[in-house]
Every structure is written in C-alpha cells, then in structure tokens.
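Peer 1: Below you will find the structure I want to go over with you.
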Amino acid sequence: MKKLQLISILLVIILASLGCQRNKTSQTAGFDPRVEPLLKKMTLEEKLGQLNQFSNPYISTGTGETSAHNENFDEMVRDGLIGSFLNVLGAEETLRLQKIAVEESRLGIPLIFAFDVIHGYKTMFPIPLAEAASFDRAAMQQSARIAAVEAAANGLNWTFAPMIDVSRDPRWGRIMEGAGEDVYLNEQAAIARVRGFQGDDLSAANTIAACAKHFAAYGAPFGGREYNMVDMSERMLREVYFPPFQAAIDAGVATFMSAFNTIAGVPASADRWLFTEVLRDEWGFNGFVVSDWTSVEELIEHGIAESRYEAAWYGLNAGIDMDMMGRLYLDYGKQLIEDKKISEQQIDDMVRRILDVKFKLGLFDSPYQYSDLEKQEELTLHPEHLEASRDIARKSIVLMKNDLNILPLSKDIKRIAVIGPLANDKDAPIGNWRGSATPNSAVSLLEGMREAVGDRAEILYSEGTSLTLNEQQGFFTQLDYNTTDRSGFAHAIATARSADVVVMALGETAYISGECRSYADISLKGLQLELLREIRKTGKPVVLALFTGRPLVLTDVVEHTDAILNCWLLGSESGHAIADVLFGDYNPSGKLPASFPYHVGQIPVFYEQLNTGRPFDPNPFEFSSMYRDIPNEPLFAFGHGLSYTTFAYSDLVLTNDTITMSESITIKATVTNTGNYDGEEVVQLYIRDVIGKGVSRPLLQLKGFEKIMIEKGASKEVAFTIHPDDLAFFRLDKQFAPETGKFEVYIGTASNNLSLKGEFELVE
Ligand code: BGC
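Sequential numbering of the sequence shown, starting at 87, is according to this note's numbering.
Listed below in structure tokens is the structure:
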C-alpha cells in the first residue's frame, strides 16, 4: 500500500514537472538559446525597458505632438530603457544609437529600428491595393524584397507591414494599404509580403522583420469612419478577418500589431482573448506583439481604463508586448508588479519574445550590419529596383472598360491630348505611406507618354482644373477642392478639340487615401466630373486614366468615357508603366481586388454574399432582397479586368466526383487566347458549399487563382488542387473544419463572369 502511495506521489511529481516543462517549452519553443541566460541577468527595469518603443520626435506617423520630444533618448538607451525606435532613418543615425545601446548600456542589448515600409522605402512600388490587383504572388514578394533591401541598407530591421486587414468599405482610407475585400487574396498577399520582407534568413543583412497588422478587424469600422467601433460575429472574425493573419504566421511573420478599434466593445489593444487565447494559445504564435501608436494609452479614451496605470495593466494583461509611444510600461510596470496585478513572469515572457526576435535578426551577432553607409548609397533607388517597380506597376493596372477596343492607342495617332489635374502630377502616384520617398519624384503620366512617343506624335497638355488642397479651410473636407474656378476649362476644351484622342487624368491625389482619410463621398472630387463632361462634348474619343487609392463611385463617369484604365497610385515608375499599357507595349492583366460600388449606399458591397431567404428576383419583383433605386451589384465586380485580347474557357475536368476528408481534388480547365494579342489571364476558381449544416454559406468564395501568359491562338490548361481543409469554416459546433456535402465549382475571368461550372461531393 505504502509502495503504491509512494509511486502515485512520484507520478504526480513527475507529471507536475512535465506540465511545467511543457508550459515552458511552449513559451520558449524555437527561441534562441541565448535568450534565457540573458534574461536572467536583466534587472526589472531593464526588462521593462525592452517593452518600449519611441518615435524619432521629428517624424510623426501618429497623433500630433508626442511626449517623446522631451525625452533624452541617448540617456535612456544607455540606461537600457528603450527596446526599439520607429521613424529613426538612415545608416548614420541608426548606427549612432545602436552603438550607444551595444557599447554603452550595461548588457549591450541592441535596439530594433522600425518604420512603415509599406510599398517601398525610396523606390516606390504600387500601393498594396493596386499591387493586389496584379494577382501576382511573385510580384508582391519581389516588391517587398526590394523594399526590405533598401530599408535594411538604411539602418532598419523591422517594417510595420504587411497590413492584411480585409476591407469591404472603400470609404475607409486605409483600404489602400491592404489587398482588398477577399480573404484568399489577402492570405496570398500576406504570405508573399512576409516572405519578401523576411527572406529565407532573418539574420541576413538585407532582410527585415515583418509585422502583421492590425489585429484584428481594423478594416471593418462602422460607416467606414477611421478608428470607429467594430462589431461582428465570431464566425465573421474567424472566416474573414483572421485567416490572413494565420497565413502570415504560417509564412513565419516575426511580429504582430494590435488594432486601434474595439471589437464588440472590447478595445483590441486590451483584448486578452485575441492576443493570448487566440494568437498564442490557439495559433501558437511565438513572435512579439507591438501596440499601435499609443493604442494602449487610448484605453482611457475608450472608457475602459481610468488612468494610465490601469491602461498599462490592460495592455500587459492582454499580451501586448511592446508599447508604441505610450511609455506606459516603463512608468507603471514596476508598480503593477508590486501591487501583484501583473507577475514578473508575465513580463519575462514578453521580454523573451522581443529578445528572441532580436537574436533572430542577427542583431546580437552583427549589430551594425544594417547601418552601412556604402550599401545605403549603392542600393537605394538602384536602377534594377526602378525597373522592377515599372514591371510591377504595369501588372497592377486594370483595364476596366474598353469600348470598341479604343485601347491600345494606335501608334499612328498624331495628336494626343492629356488633360486633367493628375496628368502632370509627379507626387500623386507615390501614394500615402510612402516610406522615405522624395516628394514629386514619380514619373508623371505626361512624362511617360512623351517619352513613349518621342517624335512620333505630339502630346498636348492642359490641366483643366486643379485638385490642390486649400489647407487654410481644413484638411479633410470636400470643400478643400476647387469647385468654383473654371478658368482652365476653355484651354482644356480647345486642347481636346485639336487632338485625335483625349486621355483624361482624373481621380485622387496621394493623401486622399491612407490613415484617417475616410470619406463619405467617394466620387470624383472638385470639378473633375464637370470637366470630363465638357471634354466629352467635343466628340473626341476619351480614355480615362484613373488615379486612386480606393474603389471610387464612377457611375456618372463611365458614360462619358470610351475606356477606363485604373492606374491606381503606382509608385515611382507610374508614367512609364501607364504609357506601356496605353500604347500596347504591355497588355493589361490586372483584376479588381475590391468591388467598385454603383452607389455609396451599397457599402459594404462585396461578392462573397449569402443567398438570403429571398434572393433577388426581378419577377415578381416584390419582397426579394434588393434596393428599389439602384442595382444590387457593384458597378465593377471583384476580379473584373479586361485585356487587349480575349480568353475562352473550356473543358472543366474534376479528377473525382467524390472525395473523402483526407483526399484532395484537382480541378482543371483550358483557357484559349482567342484574340489578337499575347496576354496574361488571371484564371479564378470559386467554390460554393451548397448546404451548410445550420450555417448559411456564401454563394461564391475565391479558393484559387493562377496568372498565366497565353500567346494568341494558343491554349493552356490550368490545374487547381483543393484539399478539404480549404473548405473549412466556423461551423455551428464552433469547430473550424470542413463539412461533408456537395460543393459547386466555378472557373472564369471575374467573380461575375464564371463560365465553367462543376460539382463534387465531400464524404467522411
Ligand atoms: C498606424 C500604424 C503604423 C503606426 C506607426 C499608426 O498610426 O495605424 O499602421 O504602423 O502608426 O507609424
């Protein structure tokens, strides 16, 4: 009996110690072995120091004046009180600060330098929404790779990108920064961009840590108003807003950023369920989490914390490892531990995660490798980077309309008028979140076209109307744009009259989209539509080159154009890329990553809809799901984009009629180039889960795409492999898993143009 007792006591002890160990290994799994010994040497103050990030006081990417102006950063670095800086740029200054950290602080822990390298550092690539339109994984990876190379050479080792917030609301200005409305496309962009920034070896001198942001659901603010509340079902979170973040983790993303918004009343930056239960316990994420700019301190404004002390507690307790700009953990961490609100163990876990990323970046081994003046000189704006930018820009352009095949413009045309406020604008194409770009450094449309035609044709130019902001009247209102001065119209009309064809350059300037650029009215600003109408009256063919950071409402615009080329905000090489497409040196291949609404009142408008109990039925017209005054459909659907050639789809083949939970199915189709140009097509695969057991499933979900080049007259077969895991959803039993049943398969050229249909069944 005694023996038995002894054995069971021993068993309990062994199990208990195993339990502890398991806990420990899961927290430190894959961590650099040097983390633990270093942590042991750190004082509590030094530990708390690692949890703080401050901005260069002269570059603000957040709310106005920062307390940071009063800090003595050199001294704080020397004392080990800062873990990271943001917005400190250039090999020289990063090297200076890094030397203080490494050589003058007690433990020599290096700093990590962060910056918003969103679509380029100095060589600018298309804004992320535009680049998503390329539906080209390699292109997205390449632009991130080059951005990392330039950023790393300028002393940076961490970017606050990719932003992978699904967004179905173009009123929200930050839709420009993600991959649009679709889950799968955002997942693919997340993977490509994380791989691009981080490369194969994070410790290399030309790779930087990526940051998946903003966790979670930041792209769904009520009314499209920046920072506004978010409220949605757990199903919507898990099926739409979470998956790109899980994809980023699978791609090895080093860090996460918390969102500004509340979800169901809980501010994300205080949400323990999000950051501890889901992110760490469920998904096993081992990197660290940074708050957004003062988002922990803002818990006071959110009305859940009464003081900075309480706000600090919420942030720490939720699992927000690093406080951007708040200084809260430094000010209150010690007291929170003394008051037993937070354990030192919790702080240790956070420090471990931060140190580990620093080790992985190679910062302990070669702290100065990122700050290399020679490399900075050599690599920044390298001609090969600009070449890549032009190529990716061309791939991102979407031909939205091309009546009578007016495009490409014939090389025999003698006089082309380029009209509009964005024709000669060298700044707009750089877009918002422009890294370290030089203002007015993009190739304008006018420059690009002039270079393309040389002496072959005459390019006439007229601005017509201006889009200049009148800052005196306030930055954000529609009134800031000229709505009264028509003095440029006469010249523009005369210019159009004297030309054979008109290219109108209309849309948005760089800062109309981006953070805190929400607009209730997303039609063309100022007098642009009026100018277009006047030009249309001349009877000349009109091509609209649209510059924009978001889907716009173009319903009144379309009828006044023969062709629309969505030129987004394409970065440094914008004008060259657009000219390539206008004159047919590149056949457009982009597809819309987000629906262009017919009317702002449709928003949120997106293709991944449920059927409703009363789907739209024009006959008998009563009591079905519809608007009385406008169509249900957007003006331009997700996935839409024309080419100068045409493609025909045929021969849908499914390898099986039935698959089990452990089998995959291959779905094949043949695409034939039936037109007169060689061209690339984005072949899109959508699936419908016909019957969900107790949960209604969307009519269509993008589950695959392939971008392929097909020569004129040729055919190619495309094959997609779908595994039951790709069909998983948040079921009624709260499992994220597939369900048996029938699935419809659609393949085609756009979400509203899917000519091939098949089906298969998933069984146990
Ligand atoms: C933005 C983040 C950004 C941070 C630092 C915030 O205002 O929401 O996306 O990374 O500033 O610039």
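Note that the Cβ used here is the ideal one computed from N, Cα and C, for glycine as well.
1. Under the three-state reduction of DSSP, which class applies to T758: helix, strand or coil?
2. Helix, strand or coil: how does DSSP classify G727 here?
3. Cβ of F246 within 7 Å of any heavy atom in the ligand BGC?
4. Spatial neighbours of E620 within its chain, please: C-beta separation below 7 Å, excluding the five flanking residues on both sides.
5. Ignore the nearest five residues each way along the sequence and tell me which others in R603's own chain have a CB closer than 6 Å to its CB.
6. Near D434, what residues of its chain come up, given a Cβ to Cβ distance below 8 Å and the 5 sequence neighbours on each side ignored?
7. Quick one, which of L385, R413, R520 has its alpha-carbon nearest Y400's?
8. From A55 to P690, what distance separates their C-alpha atoms?
9. Just the C-alpha distance for I198 and Q139, rounded to the nearest angstrom, thanks.
10. Please determine, among T731, P701, Y693, the residue with the shortest C-alpha to C-alpha distance to N673.
11. What I want to know is whether the C-beta of W258 ends up closer than 7 Å to one or more non-hydrogen atoms of the ligand BGC.
12. Under the rule that 16 or more other beta-carbon atoms within 10 Å means buried, what is G560, buried or exposed?
13. Check whether the Cβ of H388 lies closer than 7 Å to any heavy atom of the ligand BGC, and answer yes or no.
14. Quick one: which unbroken beta strand (DSSP E) runs of 3-plus residues sit fully inside the stretch 795-837? Chain order, please.
15. Going by DSSP in three states, I261 sits in which element: helix, strand or coil?
16. Mind checking Q821: buried by the 16 CB within 10 Å criterion, or exposed?
17. Distance check for T595 and Y567, CA to CA, integer angstroms please.
18. Closer than 7 Å by C-beta to T111: which residues in its own chain qualify, once you throw out the five before and the five after it? Chain order, please.
19. Do P717 and P683 have their C-beta atoms closer together than 8 Å?
20. From what residue to what residue does the beta strand (DSSP E) around E845 run?
21. Is K857 helix, strand or coil by DSSP?
22. Do A509 and Y454 have their C-beta atoms closer together than 8 Å?
23. Which whole-angstrom value is the C-beta distance of T341 and V375, which I expect to be below 8 Å?
24. Output needed for H726: all residues of its chain with C-beta closer than 6 Å, excluding positions within five of it in sequence on either side, in chain order.
25. Excluding the five sequence neighbours on either side, which residues of its own chain have a C-beta within less than 7 Å of the C-beta of E797, listed in chain order?
26. Which partner residues does R774 have in the DSSP bridge list?
27. Quick check: the Cα distance between L818 and A298, rounded to an integer number of angstroms?
28. Alpha carbon to alpha carbon, how far is F201 from Y304?
29. Quick one: using the 10 Å Cβ neighbour count with 16 as the cut-off for buried, is D407 buried or exposed?
30. Go through the stretch 296-334 residue by residue and report every complete run of the beta strand (DSSP E) that reaches 3 residues or more, in order.
31. In the DSSP assignment, find the beta strand (DSSP E) that holds G593 and state where it starts and stops.
32. Taking one C-beta from the stretch 498-508 and one from the stretch 519-529 each time, how about it: are there three or more such pairs within less than 8 Å?
33. Could one say the Cβ of Q432 lies closer than 8 Å to chain C's Cβ atoms, at least one of them?
34. Using the three-state DSSP reduction, which class does F211 fall into: helix, strand or coil?
35. Look at the alpha carbon of V188 and the alpha carbon of L167, and state the distance between them as a whole number of angstroms.
36. Within the continuous beta strand (DSSP E) that includes V364, where are the two ends?
Peer 2: In terms of the structure at hand:
1. Sequence index remark: in the sequence shown, residue 758 carries index 672 (1-based). Taken through DSSP and simplified to helix, strand or coil, T758 comes out as strand.
2. As a working note, residue 727 is residue 641 in the sequence shown. When secondary structure is reduced to three states using DSSP, G727 falls in the coil class, being assigned neither helix nor strand.
3. Within the sequence shown, numbered from 1, the residue matching residue 246 stands at position 160. F246 Cβ: within cutoff of the ligand BGC.
4. Counting from one through the sequence shown, the residue named residue 620 turns up at place 534. Once the five neighbours on either side are set aside, the close Cβ partners of E620 are F575, I579.
5. Translated into the one-based positions of the sequence shown, residue 603 becomes position 517. Hits under 6 Å: G259.
6. Sequence index remark: in the sequence shown, residue 434 carries index 348 (1-based). Here the set comprises L125, K133.
7. In the sequence shown, the residue the question calls residue 400 occupies position 314. The residue with the shortest Cα to Cα distance from Y400 is L385.
8. The chain is shown only over 87 to 850; residue 55 falls outside these bounds and no answer can be derived.
9. Within the sequence shown, numbered from 1, the residue matching residue 198 stands at position 112. Within the sequence shown, numbered from 1, the residue matching residue 139 stands at position 53. Answer to the nearest angstrom: the Cα atoms are 9 Å apart.
10. By one-based count along the sequence shown, residue 673 stands at place 587. Scanning T731, P701, Y693 for the CA closest to the CA of N673 turns up T731.
11. To locate residue 258, count along the sequence shown from 1; it is residue 172. The answer is no for W258.
12. For the purposes of this step, residue 560 is taken as residue 474 along the sequence shown, with counting starting at 1. The pLDDT assigned to G560 is 46, lower than 50, so where the model puts this residue is not dependable, and the model offers no usable value.
13. Here the question's residue 388 lines up with position 302 in the sequence shown. False, no ligand heavy atom lies under 7 Å from that Cβ.
14. If we require 3 residues or more, the beta strand (DSSP E) runs fully inside the stretch 795-837 come out as 801-808, 827-834.
15. Here residue 261 refers to the residue found at position 175 of the sequence shown. Here I261 sits in helix by DSSP.
16. Along the sequence shown, read from residue 1 onward, the residue named residue 821 stands at position 735. It counts as exposed.
17. In the sequence shown, the residue the question calls residue 567 occupies position 481. In the sequence shown, the residue the question calls residue 595 occupies position 509. Rounded to whole angstroms, Y567 to T595 spans 11 Å at the Cα level.
18. As a first step, residue 111 is located in the sequence shown; it is residue number 25 there, counting from the start. The pLDDT assigned to T111 is 37, lower than 50, so where the model puts this residue is not dependable; a value taken from the coordinates is nonetheless given after this. None.
19. Residue 717 sits at position 631 when you count from the first residue of the sequence shown. Residue 683 sits at position 597 when you count from the first residue of the sequence shown. No, these two residues do not count as a Cβ contact at 8 Å.
20. Taking the sequence shown and counting its residues from 1, the one referred to as residue 845 is at position 759. Under the DSSP assignment, E845 falls in the beta strand (DSSP E) whose first and last residues are 842-849.
21. The structure shown does not extend to residue 857, since the chain spans only 87 to 850, so no value can be given for it.
22. Translated into the one-based positions of the sequence shown, residue 509 becomes position 423. Translated into the one-based positions of the sequence shown, residue 454 becomes position 368. Going by C-beta atoms, A509 is not nearer than 8 Å to Y454.
23. For this step, residue 341 is matched to residue 255 along the sequence shown. For this step, residue 375 is matched to residue 289 along the sequence shown. Contact flag correct, Cβ pair sits at about 7 Å.
24. As a first step, residue 726 is located in the sequence shown; it is residue number 640 there, counting from the start. If we look at H726 and ignore the five residues flanking it on each side, its Cβ neighbours are L678, A836.
25. One-based indexing of the sequence shown puts residue 797 at position 711. Taken in chain order, the residues that qualify are N759, D764.
26. Position 688 of the sequence shown holds residue 774. For R774, which the question treats as bridged, DSSP gives the partners E830.
27. Within the sequence shown, the letter at position 732 stands for residue 818. Within the sequence shown, the letter at position 212 stands for residue 298. Rounded to the nearest whole angstrom, the CA to CA distance from L818 to A298 is 29 Å.
28. Indexing the sequence shown from 1 puts residue 201 at position 115. Indexing the sequence shown from 1 puts residue 304 at position 218. Approximately 20 Å, taken between the alpha carbons.
29. Working through the sequence shown from its first residue, we reach residue 407 at position 321. Counting Cβ neighbours within 10 Å, D407 comes out buried, since at least 16 surround it.
30. Whole beta strand (DSSP E) segments, 3+ residues: 297-301.
31. Stepping through the sequence shown from its first residue, residue 593 is reached at position 507. From DSSP, the beta strand (DSSP E) with G593 extends over 587-593.
32. With a cut-off of 8 Å, the stretch 519-529 and the stretch 498-508 do not count as touching, because too few Cβ pairs lie within range.
33. Here chain C cannot be found, since the structure has a single protein chain.
34. Stepping through the sequence shown from its first residue, residue 211 is reached at position 125. Of the three classes helix, strand and coil, the one that applies to F211 here is coil, per DSSP.
35. As a first step, residue 188 must be located in the sequence shown, where it is residue number 102. As a first step, residue 167 must be located in the sequence shown, where it is residue number 81. The alpha-carbon atoms of V188 and L167 are separated by roughly 13 Å.
36. On the sequence shown, position 278 is the one that residue 364 refers to. In the DSSP assignment, V364 falls outside any beta strand (DSSP E) and carries neither an H nor an E.
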